[in-house]
Each structure stands twice: as structure tokens, then as C-alpha cells.
Amino acid sequence: MPEKYAISYPAKRIHSDGRAENVKVLLAKECPVKLFLNGKLFTTLFASPLALKELAIGHLITEGVLSFSEIENVEIEGGMVHVRTQSENKKIHNEDAGIIGRAGKAGKSEKEYKTSREIFVDSESVFDPQAVFAGMEYLESDTYKLTRGTHLAALIDRSGKLAVQIVDVGRHNAVDKAVGAAFLKGLDLSQHYMLSTGRQPAYMVTKAARAGIPLIATKSMPFDSGVEAAKKANVCLIGQLRKESMLVFAGEWRVKL
Numbered sequence: 001m002p003e004k005y006a007i008s009y010p011a012k013r014i015h016s017d018g019r020a021e022n023v024k025v026l027l028a029k030e031c032p033v034k035l036f037l038n039g040k041l042f043t044t045l046f047a048s049p050l051a052l053k054e055l056a057i058g059h060l061i062t063e064g065v066l067s068f069s070e071i072e073n074v075e076i077e078g079g080m081v082h083v084r085t086q087s088e089n090k091k092i093h094n095e096d097a098g099i100i101g102r103a104g105k106a107g108k109s110e111k112e113y114k115t116s117r118e119i120f121v122d123s124e125s126v127f128d129p130q131a132v133f134a135g136m137e138y139l140e141s142d143t144y145k146l147t148r149g150t151h152l153a154a155l156i157d158r159s160g161k162l163a164v165q166i167v168d169v170g171r172h173n174a175v176d177k178a179v180g181a182a183f184l185k186g187l188d189l190s191q192h193y194m195l196s197t198g199r200q201p202a203y204m205v206t207k208a209a210r211a212g213i214p215l216i217a218t219k220s221m222p223f224d225s226g227v228e229a230a231k232k233a234n235v236c237l238i239g240q241l242r243k244e245s246m247l248v249f250a251g252e253w254r255v256k257l
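Here the sequence shown stands for residues 1 to 257, numbered as in the UniProt record's numbering.
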């Protein structure tokens, strides 16, 4: 499947000793995806050409537009994704509102939400350090090895077992797709952590927090805005994840020592 994410392009490689040669390299594909909400164009996203249903669902959740329980139907038509809610007459807006995920399965009607401008993950989940270190095994994808042009997001449970792994040209799209995949699989996001290859500014942290994810781990370093957002949202934020160590910047109580 990695080949579906990539396309071959000609280029000229110039070496430091003056040699030059014509080569072909694989570049990551990017395509426009039109997202319709209840029959109206909501936005156009630019993303890798696969897992478009997951992208649409995850984007609406992580942007605070819908809760899991409001999604009724999702259909793909070429590069268009149509999302229907249980009440099409409900006023949908794109304010920076926080949807707070509580313990419960994504997509189940019993999942509770609270909307406010302050995002807070209402979960008591803690994770063994070894379950977080286990994420190192899933940080690289075949698509990245081919193109060197994609990001990855994964969901890993408290035992360190991989539940979702997905790639995209955008770090934010990868997170959206992972959350969308969780919805389709009926995963309990309060019992999983998000693994990401991308840096974590406040915007990225709040996307995961809106989905109710209690811990984010990245191989990169977070921004200071990401750390402050994680503290406010009750999210554990881990940076510079390596086989031998990790840096915990916020919510360290979620890492059980």
C-alpha cells in the first residue's frame, strides 16, 4: 500500500564533486479533499489520498465541530466526503469550543461531552513507561522510508499494543485520521495514547484533547505553547521519545513509576 501514497518524479542529482545525473525519486502524494457537512461544503483539506473517511470524521471531532455521538453517516464520492449528523437542523459552528472526552467508547451514545472554551480531558488513565517506550517500534512507516515526506500518528493501548497506525503528508491530518479510525473501530480513546512524529504546538495538543486522548508522545520536541495547553487540558505530554529515555513536560502523574 505505500506505493499508493507516492508518485515517481524526475530530478537531477548534483554531487559535491561536480558530477550530475538524472534520477527518479518517489514523492508523497497530496490531494484536495472536499468535506461536506449535512450537504453543505464545510472545508477543503489537502491530504494524502487514502483514509478519507477517517480524515473527515477525525477533523470534525478534533476541531470541536461535532462529538462522536452526533455522527450518523459518512460516504465517500471520489475526492469528496459527505458527513451527516443525527440532527441535520442542528446549528453547526466552528468555534474554538472544547469537547471533553470521558471514559467510554468512541461512537457510543453513552459517551458524555461537555462544551466550553476550556478543553479538559476527564480521564484518570495512567500508563506504564514500558507501554510508552513500546511506541518506538511504530514510529516509522514504509511510506516515510520511500518518500521521506510523511508524518505518522498512532494509537497505542495501555499494554503497549498498537491499535491504529496511519500516515499523511500533514501531521495534523495524521492525527485526524487516527481519531477517525478510532471512531470507526469503536475504540475507547481514554485508554489509549497518541504517538506522533510531529512537533506539538498548542494547536496539535488541543486536537488530541478534544478527542479525549489523555497522553501524547512524540519523537520531536514540543513547543512551549504545547506544554501549556497540555497542562490546562489535563494531558500528559512526552517529547523526545527514544528507546533509552523520554522527556515528560506535563501531566507526569499519568506515567506510572
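Ideal placement from N, C-alpha and C gives every residue a C-beta, glycine not left out.
For residue i and residue j, I'd like the C-alpha separation in whole angstroms.
i	j	result
Thr85	Glu54	15 Å
Ile92	Ala211	Summary for Ile92: the model assigns pLDDT 49, below 50, so the residue's position carries little reliability, and this model does not support an answer.
Pro32	Thr44	6 Å
Lys40	Met80	11 Å
Ala56	Tyr9	29 Å
Thr147	Gln200	22 Å
Phe127	Asn22	50 Å
Asp224	Phe249	9 Å
Thr62	Thr206	8 Å
Pro2	Lys34	23 Å
Ala242	Leu152	Looking at the sequence itself, residue 242 is Arg, so the reference to Ala does not match. Near 16 Å, if we compare the C-alpha coordinates of Leu152 and Arg242.
Leu66	Lys12	47 Å
Ser220	Leu195	11 Å
Val255	Leu215	9 Å
Ser159	Leu27	35 Å
Tyr203	Ser245	25 Å
Ser87	Val164	29 Å
Glu30	Tyr144	14 Å
Gln240	Leu247	6 Å
Ala181	Leu189	11 Å
Thr197	Thr218	6 Å
Helix or strand or just coil, what does DSSP make of residue i?
i	result
Met246	coil
His15	coil
residue 292	There is no way to answer for residue 292, as the model of the chain reaches only from 1 to 257.
Ser69	helix
Leu60	helix
Glu252	helix
Arg171	helix
Gly135	helix
Gly180	helix
Arg210	helix
Met221	coil
Ile7	strand
Pro2	helix
Gly160	coil
Glu228	helix
Lys145	helix
Ser196	strand
Pro49	coil
Pro201	coil
Gln86	coil
What's the call for residue i, buried or exposed, on a 16-neighbour Cβ count within 10 Å?
i	result
Asp176	buried
Asp142	exposed
Val235	buried
Glu75	exposed
His59	buried
Tyr193	buried
Ile119	buried
Asp17	exposed
Ile14	exposed
Arg19	exposed
Glu140	exposed
Glu70	buried
Gly78	exposed
Leu257	exposed
Assuming residue i and residue j are in contact, meaning their beta carbons sit under 8 Å apart, how far apart are those beta carbons, in whole angstroms?
i	j	result
residue 268	Val179	With the chain represented from 1 up to 257, any question about residue 268 goes unanswered, as that position is not in the structure.
Leu37	Val83	5 Å
Phe183	Phe68	6 Å
Leu162	Leu187	Going by Cβ atoms, the distance from Leu162 to Leu187 rounds to 12 Å, so no, they are not a contact pair.
Ala233	Val121	6 Å
With hydrogens ignored, establish whether the beta-carbon of residue i is closer than 8 Å to any heavy atom of the ligand NAD.
i	result
Leu45	In the structure on display, the ligand NAD does not appear, and there are no ligands present to speak of.
TODO: Taking 8 Å as the threshold, find out whether the region 127-137 comes into contact with the region 163-172 through three or more Cβ pairs.
DONE: They do not touch, by the three-pair rule.
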